[in-house]
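Numbering (our numbering), first residue to last: 4 to 349.
Virtual Cβ for every residue (Gly too), placed ideally from N, Cα, C.
Comments concern the structure below.
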Ligand code: SF4
């Protein structure tokens, strides 16, 4: 069996940053550190952080007044942020800067008098956070059918933004319909589907040319992982999403010569390596990294509020001048979790 590892795969810069936000907060704050919602959509990452002391909650009601709470990478609505402020919570914002960028677009477009359409999936926390940026209604468009149905007050003043982790194929179909119906539709100034989502989908498009089967490592609630499965399946290659190697099923590999492996943006590399080890052990797999893949060099600095506290209250480490966490132009760092042979190239 031949195994092709997608390049890039796994952790993106927003996920690395969000995990680091929790780890640094655990370091510098004396009291308990609460994390609202899964910091990123991956059970193993969440459990690793819980083992280090992070307390997971779904709602601010579970956070005592005055305590420290971290908002997850998916972002929160204005109402959640206001509630935290009202309660005197010490909030640290783990929202990915690329999600924050969409929030800013929404505010700017609304200020310019545009009615806003959000292309995304109902119930996803990022969508709830983006829709909750404005008091007025943002219309959610989940499908081509929605795009065909939606009514706007003034077709001359309508704009769209998107969730960051969508399928590029599906989104472009939806946008085509919207443009046909509303020729003056205002696009976002830069693409909202983030670089990590695009790069991982591009890598799957490349590996399906030679793979008979694609395995996607990622959580069931990870939007970008599910989109990777769809990208492969839409090109006629069977694809399975798994949380970890224990979910691999022998019948998937019958008659399969080449397996493509990728991982969603919140899946740690050690989970990929466990799958690789399993395929080597059971099928004598020969593993190669995708030759035409791209390497990412993206880094997001930590939130200013956390950097400021870290400078004044370093408990287990001191931020040095020029440290990319302070807002410099750093390169991607290796993953934060050590052990189990993780060695992400993201
Ligand atoms: Fe940010 Fe994209 Fe990663 Fe989401 S997938 S955390 S938007 S970089």
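Any non-hydrogen atom of the ligand SF4 closer than 7 angstroms to residue i Cβ
i           : result
residue 197 : yes
residue 167 : yes
residue 288 : no
residue 9   : no
residue 1   : No statement about residue 1 is possible, as the shown extent of the chain runs from 4 to 349 and does not include it.
residue 200 : yes
residue 102 : yes
residue 17  : yes
residue 285 : no
residue 99  : yes
residue 270 : no
residue 206 : no
residue 76  : yes
Spatially closest choice to residue i from the options, by CA coordinates
i           : options               : result
residue 15  : 68, 201 and 96        : 201
residue 86  : 100, 97, 101 and 68   : 68
residue 316 : 224, 24 and 33        : 33
residue 287 : 259, 173, 268 and 122 : 259
residue 214 : 132, 78 and 291       : 291
residue 141 : 159, 50, 112 and 76   : 112
residue 29  : 59, 125 and 153       : 59
residue 265 : 311, 206 and 249      : 206
residue 5   : 253, 230 and 216      : 216
residue 84  : 256, 108 and 39       : 39
residue 247 : 37, 46 and 27         : 46
residue 307 : 133, 100, 245 and 267 : 100
residue 228 : 167, 163, 303 and 150 : 167
residue 79  : 136, 41 and 204       : 136
Beta bridge counterpart(s) of residue i as assigned by DSSP
i           : result
residue 265 : 219
residue 74  : 39 and 96
residue 107 : Beta-bridge pairing links residue 107 to no other residue.
residue 163 : 120
residue 156 : DSSP output for residue 156 lists no bridge partner at all.
residue 292 : 8
residue 143 : 121
residue 242 : 217
Whole-number beta carbon distance between residue j and residue i, since they are thought to touch under 8 angstroms
i           : j           : result
residue 103 : residue 74  : The Cβ separation is near 11 angstroms, so there is no contact.
residue 2   : residue 170 : In the structure displayed, the chain extends from 4 to 349; residue 2 sits before or after that span and is not available.
residue 43  : residue 57  : That belief does not hold up - the Cβ atoms of residue 43 and residue 57 are roughly 12 angstroms apart, past 8 angstroms.
residue 231 : residue 263 : Incorrect: roughly 10 angstroms between the Cβ atoms, too far for contact.
Handout entry: the region 6 to 19 touching the region 297 to 304, judged by at least three CB pairs closer than 8 angstroms
Key = yes
Exercise for the section: Could you say if the region 82 to 98 and the region 108 to 121 meet the contact criterion of at least three C-beta pairs nearer than 8 angstroms? Expected result: no
Practice task
Answer yes if the region 233 to 241 comes into contact with the region 185 to 200, meaning at least three C-beta pairs across the two stretches below 8 angstroms, and no otherwise.
Solution key: no
Handout entry: Cβ contact check for the region 273 to 286 and the region 165 to 185: 3 or more pairs under 8 angstroms
Key = no
Practice task
Would you check if the region 214 to 223 and the region 262 to 272 touch, i.e. whether three or more CB-CB distances between them fall below 8 angstroms?
Solution key: yes
Exercise for the section: Specify whether the region 55 to 72 and the region 120 to 138 touch according to this definition: at least 3 beta carbon pairs, one from each stretch, less than 8 angstroms apart. Expected result: no
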